[in-house]
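2 is the number of the first residue of the sequence shown in this note's numbering; add one for each residue after it.
Idealized CB from N, CA, C, for every residue including glycine.
Please read these numbers as outputs of a predicted model, since none were measured by experiment.
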Amino acid sequence: MKDLPARRLLLVHAHPDDESINNGATMALYAAAGAQVTLVTCTLGEEGEVIPADLAHLAPDREDRLGTHRIGELAAAMKELGVLDHRFLGGPGRFRDSGMMGVPQNRREGAFWNTPVDDAASYLVDIIRSVRPQVLVTYDPNGGYGHPDHIQAHRVAMRAAELAGERAFRGDLGDAHTISKIYWNRVPRSVAEEGFARLRAASGTDFPGIAEIDDIPGVVDDSEITTEIDGTAHAERKAAAMRAHATQIAVDGPFFALSNDLGQPIFATEYYQLVQGTSGAPAGEREHDLFAGVST
Ligand SMILES: [Zn+2]
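In structure tokens:
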């Protein structure tokens, strides 16, 4: 086996842009510190809405070329974050964006939501056994906010983590590997409230409205948070990565909006809930490093 960097972080996301919104600062921080950061994106985000009017022709109900365009946006975002290893699950276009919950695209052939979990998970087992991450970051069981591809990304990531460690499973995909720590993306309610207060106090942002706290994926009571990563030093890179996803995100200073044009705060500190493995922090305290307590 070739030499691997000492610290290896794997992130599993549903669409291009989710990684920058949720983990941009964390990814930039660990990449800058010499850790191997691997991003696996499960779909191309073909069903997204397009913000810039001059790119509206890419939309799925017109030319249906948004997925290809978003491959380029993701590559540009990863350049901003200094992340070299980014892949699409099963290769680009293997699984199609399923659209929002309840739309006919959910059931279309090849839609990520319409794929058996174990089928999709075996592609991720292949990556896990080759990259051998100590840390995995993904969504909670509701995918943070109920989008079918986010829910499926959670299921596939958790299942793949389990299968990767089973020696009897698919020996052709490499030696078994057990991930030490698994985290779900979270936002503490107090931080969300404070972010929206800042937004309401700011005069004259680009956005005509303000989102609701419940629009933010993964908001939970502060007591659920086990880990916070201070990415303040990488906030600019995170904002630049978000800006690179120009069909999906409009950025105005420390705020952004999706296609609904409702402002949201950009969080430079990113928060997590450790759901598998042992916290490296003293009892009752939050971790400040995803690798805390991990032997490298
Ligand atoms: Zn998404």
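key: Contact between the stretch 163-171 and the stretch 40-59 (3+ Cβ pairs under 8 angstroms)   = Touching, no, given that fewer than three Cβ pairs across the two stretches are closer than 8 angstroms.
request  = Tell whether a beta-carbon distance below 7 angstroms holds between threonine 179 and aspartate 253.
outcome  = In this structure, aspartate 253 does not lie closer than 7 angstroms to threonine 179 by Cβ.
message = Quick check on the burial criterion: 16 or more other C-beta atoms within 10 angstroms. Buried or exposed for valine 104?
response = By the 16-neighbour rule on beta-carbons within 10 angstroms, valine 104 is exposed.
key: Proximity of alanine 112 and arginine 88 at Cβ, strictly below 7 angstroms   = The Cβ atoms of alanine 112 and arginine 88 do not sit closer than 7 angstroms to each other.
key: Nearest-angstrom Cα separation, counted from histidine 70 out to glutamate 50   = Glutamate 50 and histidine 70: Cα-Cα distance of roughly 13 angstroms.
ask   = Leaving out five residues before and five after aspartate 127 in sequence, what residues of the same chain have Cβ atoms less than 6 angstroms from its Cβ?
value = Once the five neighbours on either side are set aside, the close Cβ partners of aspartate 127 are Leu174.
request  = Name the one or two DSSP bridge partners that tryptophan 185 has.
outcome  = Tryptophan 185 pairs with Thr139 and Gln274.
query = Which of helix, strand or coil does DSSP assign to isoleucine 230?
reply = Strand.
message = Tell me which residues pass a beta-carbon proximity test against ligand 1: closer than 5 angstroms to any heavy atom, given in chain order.
response = Residues close to ligand 1 by the beta carbon criterion (under 5 angstroms to any non-hydrogen atom) are, from first to last along the chain, Ala15, His16 and Asp19.
request  = Pull up the distance between the alpha-carbon of glutamine 153 and that of leucine 200, whole angstroms please.
outcome  = Distance between the alpha carbons of glutamine 153 and leucine 200 is about 32 angstroms.
query = Which class does proline 105 belong to by DSSP, given the choice of helix, strand or coil?
reply = Secondary structure of proline 105 (DSSP, three-state): helix.
request  = Determine the DSSP secondary structure at phenylalanine 113, reduced to helix, strand or coil.
outcome  = Residue state, collapsed to three classes: helix.
ask   = Does the Cβ of isoleucine 214 have 16 or more other Cβ atoms within 10 Å, making it buried, or fewer, making it exposed?
value = By the neighbour-count rule (16 or more Cβ atoms within 10 Å), isoleucine 214 is not buried but exposed.
query = Among the residues of its own chain, which have a CB less than 7 angstroms from the CB of alanine 258, if the five just before and after it don't count?
reply = Correct list, in chain order: Phe208, Ala251, Gly264 and Gln265.
inquiry  = If you follow the alpha helix (DSSP H) that aspartate 19 is in, where does it begin and where does it stop?
reply    = First-last of the alpha helix (DSSP H) with aspartate 19: 19-33.
query = Taking one C-beta from the stretch 11-24 and one from the stretch 233-247 each time, how about it: are there three or more such pairs within less than 8 angstroms?
reply = Taking 8 angstroms as the limit for Cβ pairs, the verdict is that the stretch 233-247 does touch the stretch 11-24.
task = Reducing DSSP to helix, strand and coil, say where isoleucine 152 ends up.
result = Reduced to three states, the DSSP call for isoleucine 152 is helix.
task = Find out if the Cβ-Cβ distance for the pair glycine 219, alanine 269 is shorter than 7 angstroms.
result = No; because the gap between Cβ atoms is not below 7 angstroms, this pair is not in contact.
Residues that DSSP places opposite valine 84 in a beta bridge = Looking at the DSSP assignment, valine 84 forms no beta bridge with any residue, so it has no partner.
task = Following the continuous beta strand (DSSP E) through alanine 251, name the residue where it begins and the one where it ends.
result = That run of the beta strand (DSSP E) goes 251-253.
key: Option nearest glycine 144 by Cα separation, candidates Thr297, Ala193, Leu40 and Ala15   = Closest by alpha carbon: Ala15.
query = For aspartate 150, is the classification buried or exposed, using 16 other Cβ atoms within 10 angstroms of its Cβ as the cut-off for buried?
reply = Taking all protein chains shown into account, aspartate 150 has 16 or more neighbouring C-beta atoms within 10 Å of its C-beta and is therefore buried.
inquiry  = Since glycine 94 and glycine 68 should fall inside the 8 angstroms C-beta cutoff, what is the C-beta to C-beta distance between them, to a whole number of angstroms?
reply    = Glycine 68 and glycine 94 do touch by the CB rule: their CB atoms are close to 6 angstroms apart, below 8 angstroms.
ask   = Which term fits glycine 1, buried or exposed, when burial requires 16 or more other beta carbons within 10 angstroms of its beta carbon?
value = In the structure displayed, the chain extends from 2 to 297; residue 1 sits before or after that span and is not available.
message = With three or more beta-carbon pairs closer than 8 angstroms as the criterion, would you say the stretch 114-123 touches the stretch 273-291?
response = No, they do not touch.
task = Compute the Euclidean distance between the alpha carbons of glutamate 81 and alanine 234, then round it to the nearest angstrom.
result = Near 14 angstroms, if we compare the C-alpha coordinates of alanine 234 and glutamate 81.
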